[in-house]
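Scroll down for the structure; my scribbles are underneath it.
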Amino acid sequence: MNRAMVPLVGFLALAGLFWFVLGKMNEGEYNPRDVPTQFIGRAAPEFALPDLLDPSQTVSPSNMAGKVWLLNVWGTWCPECWKEHEYLIHLAKRKKVPIVGINWRDDADEAKAMLARMGNPFLKIAFDPNSNAVIDWGVYGAPETFLIDAEGIVRVKHTGAMNSRVWDEKFKSYFVIDGSAS
Amino acid sequence: MIRRTLFVGLLGLLLACAAQAKVEVLEFESPEHEERYNNLIAELRCLVCQNQNLADSNAELAVDLRRKTYEMVSKDKSEKEIAAFMVDRYGDFVLYRPPLNSSTLLLWIGPFIILLIGVSLLIRTIRRRRAEQGVNVDDASLKAAASLLDSDKRDA
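Chains A and B, in that order, are what the protein sequence lines are.
Residue 10 is where the first sequence starts when you use the working numbering, and the numbers rise one by one after that.
Residue 107 is where the second sequence starts when you use the working numbering, and the numbers rise one by one after that.
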């Protein structure tokens, strides 16, 4: 090989590498902000928190045993949560997906006002102003959505807003074809 | 008199600012607990602003995780136990010093590999330069040099 070619080949190799990694980052796979979750394949961490709408009731993951369900962490302070709210309502009402919410580090009145204004996609909402359950679930931002199977094992975690593309890619296959929960 | 009033006014403003700056006041059972707490929040990463540790970050999650750390230190949990609690939930990424395991092996030994490559390239280049300098004298100039030396001998 011609000696003058060496820098050119080196440049092309580096350019190729950067192109590849940048592409992966755009697809989210190499996203430096995406912290890989520790919970896939693990039993869902237990908590017992008061229900936002009825504090005399307790919300617990074990209440959902035997069902495939979603756990969605949200707060009124989180713009991405406003964005996904409509889609969550679509999932709950049209596809009959059971969704339990964790209202995180929020003001109870503001949270209730948001649900009154935008609708309520949740079966139950655990009220967690002190991040107790949220830390046990390894949550570091909102919204985050987990899928828990009928055996109580965490199968999927999604960081960021839920939408139809994310649903199709990550969640849909855990539910039966007609869209309703198995 | 005016200067004095001004001075007092400025002092008051300064104190007001100092009072505004938020400082978390924590009480520890022992200096050993306090040290453990300070070590931990310096070693644990804030997951929100990822290039800050818990001690530096003002993010709400960092505040929550500091509180959790404080609670566990107060319950006399060891540094290892608390770090394990965080890794269990947030993964190795939460540690500023990643542990040595199969997925971080390259991270730990990478710099040494690069150093080794650099040094071996350097040695090769030096050797080649030296070899080139050795051969660079062609036969004609060797003969010319020899005859010059010979002529010197004859003159002597």
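Where a beta carbon is used, it is the ideal one built from N, C-alpha and C, also for glycine.
If we cut at 8 Å on Cβ distances, does residue i have a partner in chain A?
i, result
"ARG172 of chain B", "no"
"ARG233 of chain B", "no"
"VAL179 of chain B", "no"
"ARG260 of chain B", "no"
"ASP194 of chain B", "yes"
"ALA127 of chain B", "Note on ALA127 of chain B: pLDDT 49, under 50, position unreliable in the model; no value is reported."
State yes or no: is the beta carbon of residue i nearer than 8 Å to at least one beta carbon in chain B?
i, result
"GLY161 of chain A", "no"
"ILE144 of chain A", "yes"
"GLY50 of chain A", "no"
"GLY19 of chain A", "no"
"GLY128 of chain A", "no"
"GLY147 of chain A", "yes"
So which residues of chain B does residue i contact, with C-beta pairs closer than 7 Å?
i, result
"TYR39 of chain A", "The contacting residues do not exist; TYR39 of chain A stays about 14 Å from chain B at best."
"ARG114 of chain A", "GLU166"
"GLY150 of chain A", "VAL154"
"GLY169 of chain A", "Neighbours of GLY169 of chain A on chain B: none; closest Cβ ~14 Å, over 7 Å."
"SER140 of chain A", "ASP170"
If I'm right that residue i touches residue j with Cβ under 8 Å, what's the distance once you round it to whole angstroms?
i, j, result
"GLU89 of chain A", "PRO45 of chain A", "Not quite, the Cβ-Cβ distance comes to about 20 Å (not below 8 Å), so this is no contact."
"LEU146 of chain B", "ILE188 of chain B", "6 Å"
"VAL77 of chain A", "ALA159 of chain A", "6 Å"
"LEU58 of chain A", "THR67 of chain A", "7 Å"
"TYR176 of chain B", "TYR143 of chain B", "6 Å"
"PHE56 of chain A", "ASN139 of chain A", "About 12 Å separates the two Cβ atoms, so there is no contact after all."
"PHE180 of chain A", "VAL165 of chain A", "6 Å"
"PRO130 of chain A", "ALA101 of chain A", "4 Å"
"ILE144 of chain A", "LYS174 of chain B", "6 Å"
"ASP60 of chain A", "LYS133 of chain A", "6 Å"
Going along chain B in order, which residues have a C-beta closer than 9 Å to the C-beta of residue i?
i, result
"PRO45 of chain A", "GLY197, PHE199"
When DSSP builds the beta bridges, which residues end up paired with residue i?
i, result
"ASN81 of chain A", "A:GLY110, A:THR154"
"ARG151 of chain B", "B:ASN159"
"ASP60 of chain A", "A:ALA135"
"ALA52 of chain A", "A:ILE162"
"LEU201 of chain B", "B:LEU150"
"HIS167 of chain A", "A:THR154"
"THR67 of chain A", "A:PRO59"
With a 10 Å radius around its C-beta and 16 neighbouring C-beta atoms as the bar for buried, classify residue i as buried or exposed.
i, result
"GLY110 of chain A", "buried"
"TRP113 of chain A", "buried"
"TYR196 of chain B", "buried"
"LEU254 of chain B", "exposed"
"TRP28 of chain A", "exposed"
"MET192 of chain B", "buried"
"LEU153 of chain B", "buried"
"ASP137 of chain A", "buried"
"GLY147 of chain A", "buried"
"MET73 of chain A", "buried"
"ILE157 of chain A", "buried"
"TYR149 of chain A", "buried"
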